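Student:
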Amino acid sequence: MLKIIDLKAEINGKEILKGINLEINPGEVHAIMGPNGSGKSTLASVLAGRDLFNVTGGKVIFKGKNLLDLLPEERSREGIFLAFQYPVEIPGVSITNFMRAALDEHRIHKGLKPMPAMEFLKYMKQKKALVEMDAKLEGRAVNEGFSGGEKKKNEVFQMAMLEPDLAILDETDSGLDIDALKVVANGVNKLKTNDNASIVITHYQRLLDFIVPDVIHVLYDGRIVKTGGKELALELENSGYDEIKLEADKLNN
Amino acid sequence: MANYMIQKEKIKDNLLSLYSKENDFLLNKRLKTTLSNIITEKEIPNIKDEEWKKTSLNGIFKHKFEKGKKINVPNEFVNTFSFNDSDADRLVFVNGIFIAEKSKITQKLNNIYVGSLKDGLKTHKEIIKENYCKTDIHKQNFFTAINSMYSENGFFVYVPDNTILENPVHIVNFVHGDNKKVFSQTRNLIVAGKNSIIQLISSYHSLSEDFTLNNVATEFIAGENSSIKYYIFEGEGNLASIINNVSVNQQKGSSFKTNTSMLCGNLVRNEIHVKHEGEHCTTDLQGIYLPDKEQHFDNFLNINHGKPNCKSNQLYKGIIDNKAKAVFLGKVYVAKDAQKTDAAQSNKVLLLTDNAKSFSRPQLEIYADDVSCAHGSTTGQLDKEALFYMKTRGIPEAKAKTLLMTAFIGDVLDKIEISSYKDYVKYLVNKRLKGQKVEGLCTLKICPSC
């Protein structure tokens, strides 16, 4: 589904991604872990199409298409979804209107007509239940005045609405208490099928207790330095990143 | 310099030459003398005047004006610009001239008057005499002075004590140059009795692609505990300018609210002056302005808190596109005795291009010591983070921008309480923000939204 080949990216002349290689197949959950500043969020941003970053090399093939040639909105319609680490507040734009506009675009892209209003509301209600989102939130402006937990639930709700092929969850666990974490993880798990895939970016092993990955990658200094099964998370939890850092630094020198 | 002086005299001469005699509303002899003196003494406002610093009229007065004539308005246009106001009484003016046959006046009971100011002389002469220039509107500047002296007509609404005007009154103001450069004037008076309730819409439109200047002066006398809601819609053509002055006297316990939508025009200047003459008054002035191309929109709000325990609010939001320029000057004056004044002011502006300009100047002058006065002014661009966020959900950039802009001014438009008018303004604003043509209007080549 997704193939990243030697991807390099920089910001303001500083290279952040120094050659990432990664392949994800339908039905798989990949976790990307790593210390602060290793490039995890940059990778997520580059995949979503944030123009802050300059791609200096490599390729990303998504469902046979060259992802880097597409605009962020086109990537979304092709089936990429980024759940933000810090969801943005959009004053004055209600969640209903926001999702309506987004879903219309996705449907037009698929050659479908916009969903009739009644059907849309029903569909939205169903998806909200998935993340136990408060009904009162739908009239409110997107993320405005939301708590940390509500913002993250809103991300997973949007993911449920748009049914992406590849979801990238950028530190979805940050700022969540254990109850909210369970709700959010539960939502993500319910959305999992054999045809879609996700990339879970996280610092901690905690989230991976709830969203169990098939593969774990450790990102350090812009490169994937270690790949393993879900047991790698526990290993990291016990020993920290120091050993991996040391090894990687040795290799580089 | 000398040249400039001559130029200014020329402009005055040009405008004054359009009128052979003073209007019929100067029923007070002393007023006539006062006006003559003001007109002789006052100069055409220029950028040396504190309140006109950022608004130059030089571009307008490069041209010599003729007086607007009565021109037939096809029903089609009246219908198009009536904003689905089927419940409203409608007064139609062309170049300041009242068109009775296109107007619709149903509210006449209980000595209510809705109609032209000139016709009002027949039945309500004393009330006009008592209230004409009562707000001192004629002392504001040269334009309000010549308007007071020479404007030949306008609308007049009188609602007696304890009376409710059931339906809104929509005053549709057209300008039509008929291939000439035309100057026209309208003079309006609203007298609201004690405990009365009034809703009005004044809308301004062009019927031709001519260079026009419309000098409007409107006085409100808000009686005790009266409630007035006044909506202003400005959608004249790209060559059409308006100098609009609204002056208000508020008596004890009265409420005066305006909601202005500025969508199109060449140079549009709105002044709203409000004076509290009794305690417990409420004033709420809100507006949006969306100048495009090289348009110049200017709002000057001036609230005089002369009495204690009054409340005022100013909320103006602008979205400035292309090379357009917007000016906001919001004054709040709190007199020494006006304790417990509660005044708030906010001006928020979005600049869409590097060439768009916005000048915002809040000005508080406070002489009382127990007051709450807040003001804020922000100028910025569309939130890039929000745009990216929306794009990652599949929404294209243009649509995301429209959503953000619509949301930005949404709270002001939502305050409009006449739903048919609100829907219409929202429709036009939406079209305007999307850069789309308005069906039925754009074909006239005088689209009010672009």
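Line by line, the protein sequences are chains V and F. Here our numbering runs 7 ahead of the position in the first sequence, where the first position is 1. Here our numbering runs 12 ahead of the position in the second sequence, where the first position is 1. Where is the CB? At the ideal position from N, CA and C, for every residue including glycine. All of these numbers come straight from a predicted model, not from anything done at the bench.
Which runs of the alpha helix (DSSP H) spanning at least 4 residues fall entirely within the segment 384 to 448 of chain F, listed in chain order?
Tutor: With a minimum length of 4 residues, the continuous alpha helix (DSSP H) runs that stay inside the segment 384 to 448 of chain F are 396 to 403, 409 to 425 and 431 to 446.
Student: In chain order, what residues of the same chain have a beta carbon less than 6 Å from the beta carbon of alanine 204 of chain F, not counting five sequence neighbours either side?
Tutor: Excluding residues within five positions, the ones whose Cβ falls inside 6 Å are Val171, Ile210, Ala234, Gly235, Ser238 and Ile240.
Student: Using the C-alpha atoms, what's the distance from serine 48 of chain F back to lysine 22 of chain F?
Tutor: So the two alpha carbons sit approximately 18 Å from each other.
Student: Which chain F residues are close to phenylalanine 91 of chain V, counting only those with a beta carbon under 9 Å from its beta carbon?
Tutor: Near phenylalanine 91 of chain V (Cβ distances below 9 Å), the residues of chain F are Tyr401 and Thr404.
Student: Could you please give me the residues that DSSP links to phenylalanine 245 of chain F through a beta bridge?
Tutor: Answer is F:Ser215 and F:Ser273.
Student: Which complete beta strand (DSSP E) runs does the segment 166 to 223 of chain V hold, if anything under 3 residues is left out?
Tutor: Fully enclosed beta strand (DSSP E) runs of 3 or longer: 173 to 177 and 204 to 208.
Student: Can you list, in chain order, the residues of its chain with a C-beta nearer than 6 Å to that of methionine 106 of chain V? Leave out the 5 residues immediately preceding and following it.
Tutor: So the list reads Met168, once near-sequence residues are dropped.
Student: Does the Cβ of arginine 42 of chain F have 16 or more other Cβ atoms within 10 Å, making it buried, or fewer, making it exposed?
Tutor: Arginine 42 of chain F is exposed by the Cβ-count criterion.
Student: Which one or two residues does DSSP pair with lysine 15 of chain V in a beta bridge?
Tutor: Looking at the DSSP assignment, lysine 15 of chain V forms a beta bridge with V:Lys25 and V:Gly64.
Student: Does the segment 216 to 230 of chain F come within contact of the segment 150 to 163 of chain F, defined as at least 3 CB pairs closer than 8 Å?
Tutor: Segments in contact, yes.
Student: Between methionine 125 of chain V and phenylalanine 164 of chain V, which are expected to be in contact by the criterion C-beta below 8 Å, what is the C-beta distance as a whole number of angstroms?
Tutor: The Cβ separation is near 19 Å, so there is no contact.
Student: Run the CB neighbour count on isoleucine 185 of chain V, radius 10 Å, all protein chains shown included, and call it buried at 16 or more, exposed below.
Tutor: Result: exposed.
Student: Could you say if the segment 407 to 415 of chain F and the segment 423 to 435 of chain F meet the contact criterion of at least three C-beta pairs nearer than 8 Å?
Tutor: Taking 8 Å as the limit for Cβ pairs, the verdict is that the segment 423 to 435 of chain F does not touch the segment 407 to 415 of chain F.
Student: When you compare the CB of valine 190 of chain V with every CB in chain F, is at least one pair closer than 8 Å?
Tutor: Judged by the 8 Å Cβ criterion, valine 190 of chain V is not in contact with chain F.
Student: Please confirm if serine 261 of chain V has its CB atom under 8 Å from at least one CB of chain F.
Tutor: Outside the modelled stretch of chain V, which goes from 8 to 260, sits residue 261 of chain V, for which no answer is possible.
Student: In its own chain, which residues sit with a C-beta less than 6 Å from the C-beta of leucine 214 of chain V, not counting the 5 before and 5 after it?
Tutor: The answer, listed in chain order, is Asp180.
Student: Applying the 10 Å Cβ sphere with the 16-neighbour rule, what's the burial state of lysine 403 of chain F?
Tutor: Lysine 403 of chain F is buried by the Cβ-count criterion.
Student: Could you check whether the Cβ of threonine 455 of chain F sits closer than 8 Å to any Cβ belonging to chain V?
Tutor: Bear in mind that a pLDDT of 46 at threonine 455 of chain F, under 50, signals an unreliable position, so the model cannot answer this.
Student: I'd like to know if alanine 398 of chain F contacts chain V, where contact means its C-beta is closer than 8 Å to some C-beta of that chain.
Tutor: So, interface residue.
Student: Along the chain, which unbroken stretches of the beta strand (DSSP E) at least 3 residues long are found entirely within the segment 162 to 237 of chain F?
Tutor: Runs found: 167 to 171, 181 to 187, 194 to 204, 209 to 218 and 224 to 234.
Student: When the cut-off is 8 Å and only beta carbons count, does alanine 108 of chain V lie next to chain F?
Tutor: It does: the Cβ of alanine 108 of chain V has a partner Cβ on chain F nearer than 8 Å.
Student: Give the interface partners of alanine 16 of chain V over in chain F, defined as CB-CB distance under 8 Å, in chain order.
Tutor: The contacting residues do not exist; alanine 16 of chain V stays about 16 Å from chain F at best.
Student: Using C-beta distances below 7 Å, list every residue in its chain close to lysine 206 of chain F, excluding the 5 sequence neighbours before and after it, in chain order.
Tutor: Within the same chain, lysine 206 of chain F has close Cβ partners Asp173, Asn174, Gly235, Glu236, Asn237 and Ser238.
Student: Check serine 266 of chain F in the structure and name its three-state DSSP category.
Tutor: Three-state result, serine 266 of chain F: coil.
Student: How big is the Cα-Cα spacing for valine 138 of chain V and asparagine 245 of chain V?
Tutor: So the two alpha carbons sit approximately 31 Å from each other.
Student: Do we get a CB-CB distance below 8 Å when we pair glutamine 165 of chain V with the residues of chain F?
Tutor: Yes, because at least one Cβ of chain F sits closer than 8 Å to the Cβ of glutamine 165 of chain V.
Student: List, in chain order, every chain V residue whose beta-carbon is nearer than 9 Å to that of leucine 415 of chain F.
Tutor: Ile97, Gly99, Val100, Asn104, Phe105 and Ala108, listed in chain order.
Student: Measuring CB to CB, does threonine 49 of chain V end up less than 8 Å from lysine 15 of chain V?
Tutor: No, they are not a contact pair.
Student: Would you check if the distance between the CB atom of isoleucine 109 of chain F and the CB atom of lysine 82 of chain F is smaller than 8 Å?
Tutor: In this structure, lysine 82 of chain F lies closer than 8 Å to isoleucine 109 of chain F by Cβ.
Student: Please name the residues in the segment 419 to 435 of chain F whose beta-carbon is closer than 9 Å to at least one beta-carbon of chain V, in chain order.
Tutor: The segment 419 to 435 of chain F vs chain V, Cβ under 9 Å: Ala419, Phe420, Ile421, Gly422 and Asp423.
Student: Please tell me whether proline 408 of chain F has its Cβ less than 8 Å away from any Cβ of chain V.
Tutor: Closer than 8 Å: yes.
Student: If you check the beta carbons only, do isoleucine 218 of chain V and valine 36 of chain V fall under 8 Å apart?
Tutor: Their beta carbons are under 8 Å apart, which means isoleucine 218 of chain V touches valine 36 of chain V by this criterion.
Student: Determine, using beta carbons only, whether proline 121 of chain V comes closer than 8 Å to chain F.
Tutor: Output row for proline 121 of chain V: interface = no.
Student: I need the DSSP call for glycine 290 of chain F, collapsed to helix, strand or coil.
Tutor: Residue state, collapsed to three classes: coil.
Student: Which class does methionine 122 of chain V belong to by DSSP, given the choice of helix, strand or coil?
Tutor: Three-state DSSP puts methionine 122 of chain V in coil, outside helix and strand.
Student: For lysine 44 of chain F and lysine 151 of chain F, I'd like the C-alpha separation in whole angstroms.
Tutor: Rounded to whole angstroms, lysine 44 of chain F to lysine 151 of chain F spans 13 Å at the Cα level.
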